[in-house]
Amino acid sequence: MIIHTASEGMTLARKLENDSAAFYETLAKKYATDAESYLTFTRENKKNIAQIDRAYYGVITDALEGGYAFNLETDKYTIQTAISAKAKYADVLKQAAAMEARIIAYYTEAAEQSRALMADVPQTFLLVVKKRKTRQEKLQELLEKA
Amino acid sequence: MAFLEEPIKKVKTIKNYIGGEWVESKGEIVDVVNPANGKTIAKVPVSTKEEIDSAVAAAQEAFPDWRRTTPLARSRLLFRLKELLEENFEEISRIQTQEHGKTIDESRGETRRGIENVEVACGVPTLMQGYFSEDIASGIDEWVIPTPLGVFGVIGPFNFPFMIPLWSVPYAIATGNCVVVKPSSEVPNSQNRLAELAEEAGFPPGVWNVVHGGRAVVNAMLDHPGIAGITFVGSTPVGRDVIYKRCGETGKRVIAQCGAKNFMTIMPDCDINRTVAAMMTSFFGNAGQRCLAAANAIVVGDDDAFYRSFMDKVLEQASKIKVGYGLDESIQMGPVRDKEKKANIMKYINAGVKEGAKLVLDGRKPKIIGDYPDTCFVGPTVFENVTPGMKIGAEEIFGPVMSVMRAKNLKEAIEMSNANPYGNGHSIFTQNGKSARDFQYNVVSGNVGINIGIVAPVALFPFSGMKDSFFGVLHTQGKEAIRFFTESKVVIQRWF
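This is how it looks when you write it as structure tokens:
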């Protein structure tokens, strides 16, 4: 499905944040030794939603091209959050890394597409990308440890 | 994608808000219909002259104490209102979509613009300061005090049910006046919700009144000796021949913001992709029911290849616009407000065909996303080969219709724009500074855009308009609104 409107773009961002937060909450319960890292990710996701909402609701005006902000194929950004019962810890961490890559791809593309149309929104998306890249490094550390 | 929940779930009869009380009207009751699905969402009264009299009396009674309330205290109430508007942002926005039909992004945009006016009016302690000269003659000082006038009437249109009354109300009350708001009876819910929040914010009874109704209410406001001034947004015939004229006759201040026929001048050096994105919102946003909506596109120059590539892009984008109920997040264009407005738009489209314009995108039978009756939907419509003399090129359609014309050069494009009786919001799309400067200097338009599709001034600036688009002197919003809602009292002082 292709999304065009600013409202759809924000809804997808919120969904990615909420779904990935739920995924990390599950990880925190399952892998107690690294729970703090996962719970930090979850808290960060909630902050991301607040920041994105603040940017969107703060700059959305009827004079901006909100109905034409994006041209994004949502299938490219579906994330795998179900954890297989048979999966080893290293596999789960790889799954998390793949998920982060997709989320980063979404924010990067959405920021690029909406740069001229949505004022502060792309800037916020890129801040989230930066935070998620740091998260990727942390996941890599955990993977090396696992 | 998500379909958002409707905020109005039960059909209620809307009450007037007079003197801090929610009062049932004795007038006739009419249905408020959601234009997307045809369902009745509320019932609104056509209030009587007596009810307007009662609201004005309540406002007059509240005025002396409200005037004595310090600007800082008045500002604090506005800050409280702003917080309540932020807390209820989403609900307010969805009400607009439900009663008007605009998309949810457009409604949120309207909400934000409305709140911005409250924010600017919060600055009233400094905005309302007078000025002082010491020793205009030896030992004599002189100063000016901006003083409120009393009661103002605010008459809102159907196309921006929440925002447009907020171009006036926050400034009127911030400066110590009281208001009687008459929302459009087609979309009364937004202003009633706003009045509920004003009540919650703690404005004293009588400062902020809302009376619903139609022509009788407007006439009663215009004739009422207790009303010091009127702000009005609506059509040119009503604004010029009724509001402006009658305010002149009854000695009222007036701001009458009226109709438009906005021209977009497309230079061959423009950034086509960005220009077309701006065009889509400008021509088809709010289903073309904006006084700043683009109506005519003038493509400049004899470069046929440029013209074709521009038009191809326009048609590619316009034909993909998703039409449906604005609470479906994927929708890019909602219905027009009612079937009468749709019929009027159809009349213009048919006239365009008859006059020989080339209908290259026909919105008369739009593909509607979702299972909705096609009562009020009009799809994006594009005409080529339009001339300024055709009805579709000259008159305000107030619907999603783009009329494309060509001009030899920028000078001719500006002449074509200026020849039209309206002067509300004209824009140029170019990468050339000189063209942009020539355009803004020579075009006769209250709001001028350079690479901007909808030239809507933010609350800090006046919402301007020229020629048949505006009647009055000062404008709504910002410093001009503060001037409009205050009278200059000049004091000259000498002590023996």
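Top line first, the protein sequences correspond to chains A and B. For the record, in the first sequence the residue sitting at position 81 is 80 according to numbering that gives the first Met the number 0, with numbers rising by one throughout. For the record, in the second sequence the residue sitting at position 115 is 114 according to numbering that gives the first Met the number 0, with numbers rising by one throughout. Beta carbons are placed, not taken as given, at the ideal position from N, Cα and C, and that holds for glycine. None of these values were measured; they are calculated from a predicted model.
Does residue i come out as helix, strand or coil in the three-state DSSP assignment?
i, result
"residue 502(B)", "Given a span of 0 to 495 for chain B in the structure shown, any question on residue 502(B) remains unanswerable."
"residue 370(B)", "coil"
"residue 474(B)", "coil"
"residue 179(B)", "strand"
"residue 454(B)", "coil"
"residue 130(B)", "strand"
"residue 327(B)", "strand"
"residue 101(B)", "coil"
"residue 293(B)", "strand"
"residue 335(B)", "coil"
"residue 125(A)", "helix"
"residue 460(B)", "coil"
"residue 465(B)", "strand"
"residue 527(B)", "Residue numbering for chain B in the displayed model covers 0 to 495; residue 527(B) lies beyond these limits and cannot be assessed."
"residue 2(B)", "strand"
"residue 57(A)", "helix"
"residue 256(B)", "strand"
"residue 206(B)", "coil"
"residue 71(A)", "strand"
"residue 16(B)", "strand"
"residue 109(B)", "helix"
"residue 406(B)", "strand"
Under the assumption that residue i contacts residue j (Cβ atoms under 8 angstroms), give the Cβ distance between them as a whole number of angstroms.
i, j, result
"residue 252(B)", "residue 227(B)", "6 angstroms"
"residue 232(B)", "residue 256(B)", "5 angstroms"
"residue 93(B)", "residue 61(A)", "15 angstroms between Cβ atoms; not a contact."
"residue 477(B)", "residue 461(B)", "6 angstroms"
"residue 344(B)", "residue 352(B)", "Incorrect: roughly 13 angstroms between the Cβ atoms, too far for contact."
"residue 425(B)", "residue 416(B)", "5 angstroms"
"residue 37(B)", "residue 372(B)", "5 angstroms"
"residue 286(B)", "residue 399(B)", "5 angstroms"
"residue 184(B)", "residue 29(B)", "7 angstroms"
"residue 430(B)", "residue 301(B)", "With a Cβ gap of about 19 angstroms, residue 430(B) and residue 301(B) do not count as contacting."
"residue 484(B)", "residue 249(B)", "In fact, because the Cβ distance is near 18 angstroms, the residues do not count as touching under 8 angstroms."
"residue 390(B)", "residue 354(B)", "7 angstroms"
"residue 88(B)", "residue 88(A)", "Incorrect: roughly 43 angstroms between the Cβ atoms, too far for contact."
"residue 259(B)", "residue 177(B)", "About 31 angstroms; that fails the 8 angstroms criterion."
Would you mind telling me which residues of chain B sit closer than 8 angstroms to residue i, beta carbon to beta carbon, in chain order?
i, result
"residue 136(A)", "Within 8 angstroms Cβ-Cβ: nothing; residue 136(A) doesn't reach chain B, min ~33 angstroms."
For a contact meaning CB atoms closer than 8 angstroms, what does residue i contact in chain A?
i, result
"residue 285(B)", "61"
"residue 453(B)", "61, 62"
"residue 273(B)", "115"
"residue 296(B)", "Here the premise fails: no neighbours, minimum Cβ distance about 16 angstroms."
"residue 276(B)", "64, 67, 115, 116"
Anything in chain A within Cβ reach of residue i, meaning under 7 angstroms, just list it in chain order.
i, result
"residue 280(B)", "64, 66, 67"
Find the residues of chain A that neighbour residue i, judging by a C-beta separation of less than 9 angstroms, and give them in chain order.
i, result
"residue 136(B)", "In chain order: nothing, as chain A lies at least about 50 angstroms away."
"residue 458(B)", "Neighbours of residue 458(B) on chain A: none; closest Cβ ~10 angstroms, over 9 angstroms."
So which residues on chain B does residue i lean against when the C-beta distance must stay under 9 angstroms?
i, result
"residue 56(A)", "85, 88, 89, 107, 110, 111"
Answer yes or no: does any C-beta atom of chain D fall closer than 8 angstroms to that of residue i?
i, result
"residue 144(B)", "You won't find chain D in this structure, because its protein chains are A and B."
According to a CB-to-CB cut-off of less than 9 angstroms, which residues of the segment 82-114 of chain B neighbour chain A? 85, 88, 89, 101, 102, 103, 104, 105, 106, 107, 108, 109, 110, 111, 112
For the segment 396-423 of chain B, list every residue whose C-beta sits within 8 angstroms of some C-beta in chain A, in sequence order. none
Taking 8 angstroms as the threshold, find out whether the segment 264-283 of chain B comes into contact with the segment 240-247 of chain B through three or more Cβ pairs. no
Is the segment 138-155 of chain B touching the segment 85-100 of chain B in the sense that three or more CB pairs, one from each, lie closer than 8 angstroms? Short answer: they don't touch.
Pairs of beta-carbons, one from the segment 401-420 of chain B and one from the segment 376-393 of chain B, closer than 8 angstroms: are there three or more? yes
Say whether the segment 34-51 of chain B touches the segment 205-214 of chain B, bearing in mind that this needs 3 or more beta-carbon pairs closer than 8 angstroms, one atom from each stretch. Counting Cβ pairs under 8 angstroms, three or more are found: they touch.
Any chance the segment 75-85 of chain A sits against the segment 11-29 of chain A, with 3 or more Cβ pairs inside 8 angstroms? yes
Any 3 or more C-beta pairs closer than 8 angstroms across the segment 118-125 of chain A and the segment 45-57 of chain A: yes
What are the residues of the segment 56-82 of chain B that lie near chain A, defined by any Cβ-Cβ distance shorter than 8 angstroms? If the cut-off is 8 angstroms between Cβ atoms, the segment 56-82 of chain B has nothing near chain A.
Count the C-beta pairs between the segment 75-87 of chain B and the segment 190-202 of chain B that are closer than 8 angstroms, then say yes if the count reaches three, no if not. yes
At least 3 beta-carbon pairs within less than 8 angstroms: the segment 119-131 of chain B vs the segment 68-75 of chain B: As far as the Cβ criterion goes, the segment 119-131 of chain B touches the segment 68-75 of chain B, which means the pair count is three or higher.
Mind listing which residues of the segment 241-272 of chain B have their C-beta closer than 8 angstroms to chain A's C-betas, in chain order? none
State whether the segment 315-335 of chain B contacts the segment 279-299 of chain B, with contact taken as three or more CB pairs (one from each stretch) at a distance under 8 angstroms. yes
Do the segment 58-77 of chain A and the segment 443-459 of chain B touch if we need at least three Cβ pairs shorter than 8 angstroms? yes
Inter-stretch contact (C-beta, 8 angstroms, three-pair minimum) for the segment 5-23 of chain B and the segment 128-136 of chain A: no
For the pair the segment 68-78 of chain A and the segment 91-106 of chain A, tell me if three or more CB-CB distances fall below 8 angstroms. The segment 68-78 of chain A vs the segment 91-106 of chain A: in contact.
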